[in-house]
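Residue numbers for the sequence shown follow this note's numbering, beginning at 2 and rising by one. Positions of the beta carbon are idealized from the N, C-alpha and C atoms, including for glycine. Quick caveat, the model's predicted, so the values are computed rather than measured. Presented below is the structure to which this report refers.
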Amino acid sequence: MELLLTQHEADDLIASLKKLTQKTTRILTDGDRGIVNISSNSGRKFSLRYFYSSNNIHLQFMDEKIKLTLIRMNLNDSFHKNSTGEKIYGNRVNIFSEDEFYSKGDGTTHTKASPLPKGVLRNTRDILEAIDDLFNYTNTSNRDKLQLTIPQPLNF
2 MELLLTQHEA
12 DDLIASLKKL
22 TQKTTRILTD
32 GDRGIVNISS
42 NSGRKFSLRY
52 FYSSNNIHLQ
62 FMDEKIKLTL
72 IRMNLNDSFH
82 KNSTGEKIYG
92 NRVNIFSEDE
102 FYSKGDGTTH
112 TKASPLPKGV
122 LRNTRDILEA
132 IDDLFNYTNT
142 SNRDKLQLTI
152 PQPLNF
C-alpha cells in the first residue's frame, strides 16, 4: 500500500492557517463522540474527531480529503507501539510520520507516538485544555465557535 501524503505535505498541512467553519455547542457527558469541521484558508477540509469519557479521551485531527490522521492525542493509560518496538504508555501524541508508515510496514499505521508533553501539547487529562493545545499546534482559529462544557458533579 502506498501512503497518499508525504512528510513535507503533512507538515505543510499541519502548519497551514485553519479556522473552525461552524458553531458547535455541546455539553459533554461520558461516552460522547463528535466531529468539529475545520477548513484551511485555501479551502482544504479537516476535522477534529473526539471521544470523551472520564478515563479515556481521544482527539484526532484528520485531513478530510484523503482521510489520514495528522495528529492524534490519546489521554488514557493505554499504549502505542512504534515500529522500533518502543511502547509509549499513558498520555501521548501520535503525529503523522511517513518514515513510521514504511518502517512499520502494516499498510495502515502512519503516525509515530511520543509521550506528552511535546511542545505546546501539555500532559493533561482535561479535554478542553487538550483541544486548545491541539488548535494552537495546528494553527486553528475561530475557537470561540466551539463551546464545549463538562457538567460538574454536585458535592454535598
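- Here the C-alpha atom of ASN137 lies approximately 15 angstroms from the C-alpha atom of PHE47.
- DSSP places SER41 in the uninterrupted beta strand (DSSP E) bounded by 33–41.
- Around the C-beta of THR110, 16 or more other C-beta atoms lie within 10 Å, and the residue is accordingly described as buried.
- Counting every other CB atom within 10 Å of its CB across the protein chains shown gives TYR103 a total below 16, marking it as exposed.
- Put simply, the segment 124–142 touches the segment 57–74. At least three CB pairs are less than 8 angstroms apart.
- Collapsing the DSSP output to three states places ASN75 in a strand.
- Exposed is the label assigned to GLN153, since fewer than 16 other Cβ atoms lie within 10 Å of its Cβ.
- Excluding its 5 nearest sequence neighbours in each direction, TYR90 has C-beta neighbours in its own chain below 6 angstroms: PHE80, listed in chain order.
- Distances from the alpha-carbon of ASN56 to those of ILE67, ASP33, MET63, ARG45 put ASP33 closest.
- Assigned with DSSP and collapsed to three states, ARG27 falls in strand.
- ASN92 is not a Cβ neighbour of LEU60, given a cutoff of 9 angstroms.
- The distance from the Cβ of ILE39 to that of LYS20 is about 7 angstroms, consistent with a contact at the 8 angstroms cut-off.
- A distance below 9 angstroms separates the beta carbons of ILE15 and THR139.
- CA-CA distance, LYS82 to ALA114, rounds to 8 angstroms.
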